[in-house]
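Okay, so the sequence shown: first residue is 2 according to my numbering, each after it adds one.
Accompanying notes for the structure given below.
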Amino acid sequence: DLVWSKLPGSERGKYLYRIARIIQEKSRELAILETLDGGKPIKESRDFDLPMVAAHFFYHAGWADKLSYAFPGRTPRPLGVAAQVIPWNFPLLMAAWKIAPALACGNTVVLKPAETTSLTALRLAEIFQEAGLPDGVVNIVTGAGATGAALVNHPGVDKVAFTGSTEVGKKIAQAVAGTGKKLTLELGGKAANILFEDAPLDQAIEGVISGIYFNQGHVCCAGSRLFVQESIYPAVLKKLRDRLATLRVGNPLDKNTDIGAINSRAQLDKIRALVQGGVDEGATLHQSACALPGRGYWFAPSYLTGVTMSHRVAQEEIFGPVLSVLTFRTPEEAIERANNTPYGLSAGVWTDKGSKIFKLVSKLRAGVVWANTYNKFDPTSPFGGYQESGFGREGGVQGLAAYCRLG
Ligand code: NAD
Numbered sequence: 002d003l004v005w006s007k008l009p010g011s012e013r014g015k016y017l018y019r020i021a022r023i024i025q026e027k028s029r030e031l032a033i034l035e036t037l038d039g040g041k042p043i044k045e046s047r048d049f050d051l052p053m054v055a056a057h058f059f060y061h062a063g064w065a066d067k068l069s070y071a072f073p074g075r076t077p078r079p080l081g082v083a084a085q086v087i088p089w090n091f092p093l094l095m096a097a098w099k100i101a102p103a104l105a106c107g108n109t110v111v112l113k114p115a116e117t118t119s120l121t122a123l124r125l126a127e128i129f130q131e132a133g134l135p136d137g138v139v140n141i142v143t144g145a146g147a148t149g150a151a152l153v154n155h156p157g158v159d160k161v162a163f164t165g166s167t168e169v170g171k172k173i174a175q176a177v178a179g180t181g182k183k184l185t186l187e188l189g190g191k192a193a194n195i196l197f198e199d200a201p202l203d204q205a206i207e208g209v210i211s212g213i214y215f216n217q218g219h220v221c222c223a224g225s226r227l228f229v230q231e232s233i234y235p236a237v238l239k240k241l242r243d244r245l246a247t248l249r250v251g252n253p254l255d256k257n258t259d260i261g262a263i264n265s266r267a268q269l270d271k272i273r274a275l276v277q278g279g280v281d282e283g284a285t286l287h288q289s290a291c292a293l294p295g296r297g298y299w300f301a302p303s304y305l306t307g308v309t310m311s312h313r314v315a316q317e318e319i320f321g322p323v324l325s326v327l328t329f330r331t332p333e334e335a336i337e338r339a340n341n342t343p344y345g346l347s348a349g350v351w352t353d354k355g356s357k358i359f360k361l362v363s364k365l366r367a368g369v370v371w372a373n374t375y376n377k378f379d380p381t382s383p384f385g386g387y388q389e390s391g392f393g394r395e396g397g398v399q400g401l402a403a404y405c406r407l408g
């Protein structure tokens, strides 16, 4: 702790640049490890996760000696020891989102990866050693929920950063209350993807498809509620059905695979139960007729129609490749329905009209709103939620503020 926090920012930056470059050099190996461990398609680990992981270390390396410019007139100081607990959907990327800003600001880290996906965090620890990072600056502790709780509750911890379910997030908020530990929470979501009749339809359908089926739908900001303007509902359903039929489900290591394996038996059971609940409540299930591999955990890409706002599948996070399709008539109705959720992480708007985009963006209660695109990320751009999606931001200057004491 003392060694690292006393280093000049320019020296800390050198370590972070070195780490970023080693990650780039080993990105093929890391992508394969991520896919083997968690089940996500190799084309996603290779083309999305790994480039983003390196980008987060490069970006924060650049900040390490410029923190006084990030907070003009203030004196940023490290907080101390950051306890970081992350989920299984983007194991290495979540580690990078948490570790890079913590180190850039002069903190030390104890990180606990999720119990089903610990391998890339352990490999990352070896990369830190290879980069010459002093011993003890980053510590990786594996284990399940009890280990996470022990870490969060440790009296030597100054800052807690958690990404995971809202349920566990609430427990952590209670545990940390009154301790003086700084806290950021990145929790669940139930994003609205709003499709207007004047949108470029083919482009929008691609956004809807990747918005929900990316990473098997194991994405906190997944566009899991599609709101379609009534006039184009039949056309959208036809395009959705046709596009769904082209998605390839199967071996995550095959570079042509679009949808890989569900991360765990428990997650598969949860998806199945929620979808069955939706059907029992009166929704109609549409599934791709694709063949699923015999062994392992798989769920065919699906969407539900006949969903009403009160159905559980319109309210609760499924965290799987399942889209709930709803309709609206006017922009006002779209806003009202989109905001009718305890969450507030992200949203999408598809329209040709710039004025409509501005109107919706200012009224949607979501931390991130994408317009005519979806699931676009950049380390310069803060990410985080409102309401039950948590508080605090990761990325950008706002993300640095979460790891500094500002004198
Ligand atoms: P989870 O909350 O069960 O687990 C997340 C992590 O917390 C794991 O490492 C787990 O071991 C640990 N944990 C469990 N109980 C704990 C406790 N009592 N104290 C401390 N740590 C504990 O969530 P999950 O099932 O692994 O992940 C899925 C959830 O995460 C979804 O709800 C999803 O929306 C959310 N998520 C949010 C974001 C975001 O950025 N907002 C990103 C990814 C996932």
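Backbone N, C-alpha and C fix where the C-beta goes; we use that ideal spot for every residue, glycine too.
> How many angstroms separate the CA atom of T309 from the CA atom of A174?
Replying inline: 32 Å
> Thinking C-beta only, is D379 closer than 9 Å to A56?
Replying inline: yes
> Can you name the start and end residues of the alpha helix (DSSP H) that N154 belongs to?
Replying inline: 146 to 154
> Between the Cα of R22 and the Cα atoms of L104, A132, C291, which residue gives the shortest distance?
Replying inline: A132
>> So, for L34: in the same chain, excluding its five sequence neighbours on each side, which residues have a beta-carbon less than 7 Å away from its beta-carbon?
In response: L120, T121, R124
>> Is any non-hydrogen atom of ligand 1 found closer than 8 Å to the C-beta of L346, if you look at the structure I gave you?
In response: yes
> For N433, does the three-state DSSP call read helix, strand or coil?
Replying inline: In the structure as shown, the chain starts at 2 and stops at 408, and residue 433 therefore has no counterpart that could be examined.
>> Buried or exposed, going by whether 16 or more other CB atoms sit within 10 Å of the CB of H155?
In response: exposed
> DSSP three-state call for R244: helix, strand or coil?
Replying inline: helix
> What residue ranges within the stretch 168 to 217 form continuous alpha helix (DSSP H) runs of no fewer than 4 residues, ordered along the chain?
Replying inline: 202 to 214
> T185 and G385: beta carbons closer than 9 Å?
Replying inline: yes
> Pick from L17, P52, K15, Y18: whose alpha carbon is nearest that of R29?
Replying inline: P52
> Do you know whose CA, among A32, G224, A367, R244, lies nearest P253's CA?
Replying inline: A32
> Under 9 Å between the Cβ atoms of K99 and T164?
Replying inline: yes
> For K172, is the beta carbon positioned less than 8 Å from some heavy atom of ligand 3?
Replying inline: The model on display carries ligand 1 but not ligand 3.
>> My assumption, with CB atoms under 8 Å, is that K191 sits in contact with E318. Please give the rounded CB distance.
In response: 6 Å
> For ligand 1, any of its heavy atoms closer than 8 Å to the Cβ of M95?
Replying inline: yes
> Contact check, F300 vs I263 under 8 Å by CB: the rounded distance?
Replying inline: 5 Å
>> Between which two residues does the alpha helix (DSSP H) holding Q277 run?
In response: 266 to 281
> With 16 as the cutoff for other CB atoms within 10 Å, does L407 come out buried or exposed?
Replying inline: exposed
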